[in-house]
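Residue numbers (the numbering used here): 238 to 700.
Where a beta carbon is used, it is the ideal one built from N, C-alpha and C, also for glycine.
Please read these numbers as outputs of a predicted model, since none were measured by experiment.
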């Protein structure tokens, strides 16, 4: 598992290097969302509001919301509508209610046509108002009670006035009784006024007001076809990015040079640079799968860091010659070697070809004077590695790029070399760089001086 931290730069690298694949997957996701919208029938939602006069607490409003979507209200609405195959249980998924500021309850109904949505919302509102009125008592009775109380207040006031006028201002027994009666009447009057004040809010609460019929909807209820299409494209795009990040996080490919040397069981001879350029057409890239990979842009790695700017051609040539010098010093006597390159590693293949060319052109090479190359490149499959048996060559030099192969794959190549009788004498790691423009002709490329300088640095220098 890779320990690299997921950063925004990595996501940007995915988008830059895999934009074709991401675009194709987004289109596929859009088609899936469009197909899903075709399977889901369109729906329309209409809403109507009911005003609850008077003072209402929050819990009372929530109770009224629950009543508006209760089975009793919905069953009565379904019976009144008379839609085939639609009962109160089916309406439970189509009707919703919520309380808004100002003691307003909004009831929404969803149906397959705008007309039905409007009818459903209006009918549920009617049944809710009727049912709520029955719970609060008969309207006529509720209206008669406040009026009777008012009449009692008026009569009591008149009786007090009459008794007060007939009362003897003296201190007789009759006058005391009269005053006592007046006090009782005043108490009864006060109680009647209190009952009237308490009955007024209840009467107002029973009189719910429907704030007009529901408006016929002009557009589909979400999710619409456009929303499903865009959601499908976005989901597939995000899944593709997350999949790339998860693959990079779970990757077991070796990047560090010591890890690569340990997996192959040999020593590192050095690192070489390969100019970053689009590989020309490869022989193995003619099949339909190869064309599709090139079209989608997945024929190259995305998780490799951006190539760094290197020196000129002479600097790169020094690295290859240093490897040749160290290789000769690694061998007790000059002999032919196989240059083993993992199949599909284009960077390593180009580096191996350049390494063979440098070995052949080296005037100090003992093999070049006998007319045959010291190195021969062979591509080995990492799935089922097979190295040619030992014949003229006696040893293998493994050339590969970092971050491309796992420890198990490299161990398989080392075992294949040992099975064929070849000792892995060294490892060369190749990496891509951005090439600078060629140097001016004023710099004298003295090959003999370069070779001598490399020989003098081979023992302590590092490629």
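Is the shortest distance between the beta-carbon of residue 628 and the beta-carbons of chain D less than 7 angstroms? Among the chains of the structure shown, chain D does not appear; only one protein chain is present.
In the DSSP assignment, the beta strand (DSSP E) including residue 508 goes from what residue to what residue? Note, residue 508: beta strand (DSSP E), 505-512.
Please find out if some non-hydrogen atom of the ligand FAD comes closer than 6 angstroms to the beta-carbon of residue 256. Of ligands this structure carries none, so the ligand FAD is not represented either.
How far does the alpha helix (DSSP H) with residue 480 in it reach, from first residue to last? Secondary structure note for residue 480: its alpha helix (DSSP H) is the uninterrupted segment 462-487.
Give a yes or no on contact between the region 498-509 and the region 295-314, applying the rule of three or more CB pairs nearer than 8 angstroms. Verdict: no, contact absent.
Leaving aside the five residues before and after residue 633 along the sequence, list all residues of the same chain whose C-beta is less than 6 angstroms from its C-beta, in chain order. Excluding positions up to five away in sequence, the list reads 575, 577, 654, 659, 661.
Determine the direct distance from the alpha carbon of residue 666 to that of residue 485, and round the result to whole angstroms. Approximately 21 angstroms, taken between the alpha carbons.
May I ask you to list the residues that DSSP assigns as paired with residue 345? Under DSSP, residue 345 shares a beta bridge with 284, 333.
Which full runs of the alpha helix (DSSP H) of 4+ residues lie inside the region 561-642, going along the chain? Taken in chain order, the whole alpha helix (DSSP H) runs of length 4 or more contained in the region 561-642 are 583-598.
Using DSSP with H/G/I as helix, E/B as strand and the rest coil, what is residue 323? In the structure shown, residue 323 sits in coil (DSSP, three-state: anything other than H, G, I, E or B).
Enclosing alpha helix (DSSP H) for residue 310 [first to last residue]: Segment 308-318, the alpha helix (DSSP H) holding residue 310.
Under the three-state DSSP convention, the category residue 391 falls into: In this structure, residue 391 counts as helix in the three-state DSSP scheme.
Between the Cα of residue 347 and the Cα atoms of 365, 327, 337, 363, which residue gives the shortest distance? Among 365, 327, 337, 363, the Cα nearest to that of residue 347 belongs to 327.
Considering residue 651, what are the terminal residues of the alpha helix (DSSP H) in which it resides? Residues 644-656.
Any idea what DSSP makes of residue 450, helix, strand or coil? Of the three classes helix, strand and coil, the one that applies to residue 450 here is coil, per DSSP.
List the endpoints of the continuous beta strand (DSSP E) containing residue 670. For residue 670, the uninterrupted beta strand (DSSP E) run begins and ends at 661-671, by DSSP.
When we look at the beta-carbon of residue 372 and count the other beta-carbons within 10 Å, is it buried (16 or more) or exposed? The residue in question, residue 372, is exposed, as its Cβ has fewer than 16 Cβ neighbours within 10 Å.
Pick from 447, 309, 394: whose alpha carbon is nearest that of residue 424? Ranked by how close their Cα comes to the Cα of residue 424, the residues 447, 309, 394 have 394 in first place.
Apply the 10 Å Cβ neighbour rule to residue 350 and answer buried if 16 or more other Cβ atoms are within range, or exposed otherwise. Counting every other CB atom within 10 Å of its CB across the protein chains shown gives residue 350 a total below 16, marking it as exposed.
Own chain residues within Cβ distance below 6 angstroms of residue 647, not counting five before or after: Contacts found: 500, 501.
Return yes when the Cβ of residue 565 is within less than 7 angstroms of the Cβ of residue 629, no when it is not. 7 angstroms or more divides the Cβ of residue 629 from the Cβ of residue 565.
Just how far apart, CA to CA, sit residue 552 and residue 478? CA-to-CA, the gap between residue 552 and residue 478 works out to about 38 angstroms.
Would you kindly check if the distance between the Cβ of residue 445 and the Cβ of residue 289 is under 7 angstroms? Cβ atoms of residue 289 and residue 445: closer than 7 angstroms.
Let me confirm a value: residue 635 is counted as buried when at least 16 other C-beta atoms fall within 10 Å, else exposed. Which label applies? The residue in question, residue 635, is buried, as its Cβ has 16 or more Cβ neighbours within 10 Å.
List the whole-angstrom C-beta distance separating residue 582 from residue 641, where the pair is believed to meet the contact cut-off of C-beta under 8 angstroms. Their Cβ separation, rounded to whole angstroms, is 6 angstroms, which keeps residue 582 and residue 641 in contact under 8 angstroms.
For residue 281, tell me which candidate among 332, 248, 318, 268 has the shortest Cα-Cα distance. Of the listed residues, the one whose Cα sits closest to residue 281 is 332.
Excluding five sequence neighbours on each side, which residues of the same chain lie with their C-beta closer than 6 angstroms to the C-beta of residue 511? Closer than 6 angstroms at the Cβ level, and outside the excluded window around residue 511, lie 584, 587, 588, 667, 669.
Residue 490 by DSSP, collapsed to three states: which one? The DSSP-derived three-state label of residue 490 is strand.
Count the other CB atoms within 10 Å of the CB of residue 607; is the residue buried (16 or more) or exposed (fewer)? Since pLDDT at residue 607 reaches only 38, below the 50 mark, its modelled position is unreliable, and no value is offered.
Please classify residue 338: does DSSP put it in a helix, a strand, or coil? The answer is coil: DSSP assigns residue 338 none of H, G, I, E or B.
I need the DSSP call for residue 524, collapsed to helix, strand or coil. Coil.
Please work out which residues of its chain come closer than 7 angstroms, Cβ to Cβ, to residue 451, disregarding the five sequence neighbours upstream and downstream, and give them in chain order. Hits under 7 angstroms: 283, 284, 285, 355, 358, 359.
Helix, strand or coil at residue 292 [DSSP, three-state]: Here DSSP, grouped into helix, strand and coil, assigns residue 292 to coil.
Are the beta-carbon atoms belonging to residue 344 and residue 366 less than 7 angstroms from one another? In this structure, residue 366 does not lie closer than 7 angstroms to residue 344 by Cβ.
Rounded Cβ spacing between residue 557 and residue 591 (contact assumed at less than 8 angstroms): Yes, residue 557 and residue 591 are in contact; Cβ-Cβ is about 6 angstroms, under 8 angstroms.
Residue 247 in three-state terms, based on DSSP: Secondary structure of residue 247 (DSSP, three-state): helix.
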